[in-house]
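Only one structure is covered here, and it is reproduced in the block below.
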Amino acid sequence: MEGDSGGGVSVIIPAYRAQGTIARAVSSLLAQSFPHWEAVVVSDDGADYRALLAAAGIADSRLTFTETGRVGSGAPAARNAGLRCAHLPLIAPLDADDRFEPERLERLASLAAAQGAAADNVAVVRDGDGAPLSTLFPPGIGTATLDAAAFLETSVPMFFVVRRDIVPGWEEGVDFCDDVVFNVQVLDRLGRLPLVLEPLYEYRQREGSITCSADSGTRADLCYRHVLDRLDGDGLRIADAALRHRFAAALGAKRALNAAYMAAQAAGRCANFQEFLALRENSLPG
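Under UniProt numbering, think of the first position of the sequence shown as 1, with each following residue one higher.
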């Protein structure tokens with residue numbers, strides 16, 4: 001199995017005020033059917049997450065711990081700190097309030113090792129009661145292909161498993177949609193990648209998180225504008241000029257959708273962006 005997996009997966013977990021969720025995220029790694037992983041937990045708030053997990057009865061030799069040395073430096077900086085400590089050939093980000101399904105690494109590792117990166121469907125779950133809200137794509141069996149055009153149509157975070165030689169690092173000046181930029185940079189390098197149609201990543205909608213905060217729409221718009229400025233300037237390390245143009249056009253559409261979300265939120269019709277998307281989908285004809 002180890003040869004097929006490309007040598008194993010380093011899972012990078014940025015932790016900022018994650019005391020209430022980190023045990024669930026790490027427990028989902030301990031439940032993996034694929035044993036060849038390490039987890040790098042990166043404290044971005046000065047908390048001792050090793051001690052916190054130990055107090056919850058969680059200790060494993062595959063867990064390592066580091067810190068940014070700052071408080072609230074942001075997920076990109078924390079992920080980059082974790083990347084510097086990672087030892088295995090594949091890299092997989094995991095947010096501290098999310099979780100993996102038990103088969104996730106087993107399904108994605110060999111695909112990523114062979115093709116440079118792999119993705120899976122995403123289940124969106126309300127954190128308060130565990131209620132399923134949606135999936136990014138219609139659930140299916142087997143694999144499809146994800147290219148930049150299809151990715152840029154998505155509105156739910158995706159977390160690729162990426163071979164280390166393909167990993168661009170995370171843009172520390174992009175503090176809201178850094179996952180989108182990272183994924184576009186990976187697709188710039190690869191063109192396309194396999195997509196497992198089962199939802200094996202559970203994205204938790206949690207009250208109090210950045211994406212559910214009252215100012216999330218404003219923060220998203222600032223991020224989109226910053227990324228557009230970077231695309232016009234240094235190009236965000238995206239070599240394909242056509243992809244840069246397509247990315248800019250997609251961000252324009254995302255800004256328009258975000259403006260509609262902020263209007264709906266102000267009118268009290270939704271509490272967060274994923275609720276807005278669900279309401280919007282239910283209101284479409286047919």
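Every residue, glycine too, gets a C-beta built ideally from N, C-alpha and C. The model shown is predicted, which means the values in this text are computed figures rather than measured ones.
- Here Gly-46 has Glu-67, Val-71 as same chain residues with Cβ atoms under 8 Å from its own Cβ, once five neighbours each way along the sequence are excluded.
- Taking 3 residues as the minimum length, the beta strand (DSSP E) runs contained wholly in the segment 175-244 are 192-205, in order along the chain.
- Within the segment 103-153, complete alpha helix (DSSP H) segments of at least 4 residues are found at 104-115, 148-151, given in chain order.
- Rounded to whole angstroms, the separation of the alpha carbons of Asp-215 and Ala-263 is 12 Å.
- Taking each of Thr-143, Leu-133, Arg-225, Glu-198 in turn and checking the Cα distance to Phe-176, the smallest one comes out for Arg-225.
- Per DSSP, Ile-22 is not a residue of any beta strand (DSSP E); the alpha helix (DSSP H) it occupies stretches across 22-30.
- Residue pairing from DSSP places Arg-163 in a beta bridge opposite Leu-90.
- In the structure shown, Glu-67 adopts extended strand secondary structure according to DSSP, grouped into three states.
- Collapsing the DSSP output to three states places Arg-99 in a strand.
- At least 8 Å separates the beta-carbon of Ala-144 from that of Leu-187.
- The count of Cβ pairs closer than 8 Å, one atom from the segment 90-103 and one from the segment 25-36, reaches three, so the stretches are in contact.
- Ala-55 has its alpha-carbon roughly 36 Å from the corresponding atom of Val-181.
- Assignment of Pro-14 by DSSP, reduced to helix, strand and coil, places it in the strand class.
- Under the Cβ criterion (8 Å, minimum of three pairs), the segment 186-200 does not count as touching the segment 79-98.
- By the Cβ-count criterion, Arg-84 is exposed, with fewer than 16 other Cβ atoms from all chains shown falling within 10 Å of its own Cβ.
- Per the DSSP secondary-structure output, Trp-37 pairs in a beta bridge with Val-9.
- In this structure, Gly-82 lies near Val-42, with their beta-carbon atoms less than 8 Å apart.
- Thr-154 and Gly-140 have their alpha carbons spaced roughly 17 Å apart.
- Just measuring C-alpha positions, the residue of Val-161, Pro-199, Ala-119 sitting nearest Leu-146 is Ala-119.
- Apart from the 5 residues on each side of it in sequence, Ala-131 sits with its Cβ closer than 8 Å to the Cβ of Val-125 in its chain, given in chain order.
- A distance below 8 Å separates the beta carbons of Ile-22 and Leu-52.
- In the structure shown, the three-state DSSP call for Ser-43 is strand.
- Here the alpha carbon of Gly-116 sits roughly 8 Å from the alpha carbon of Asp-165.
- A straight-line Cα-Cα distance of about 43 Å links Gly-20 and Ala-241.
- Judged by DSSP secondary structure, Pro-76 falls within the alpha helix (DSSP H) whose first and last residues are 75-85.
- In the structure shown, the three-state DSSP call for Met-158 is coil.
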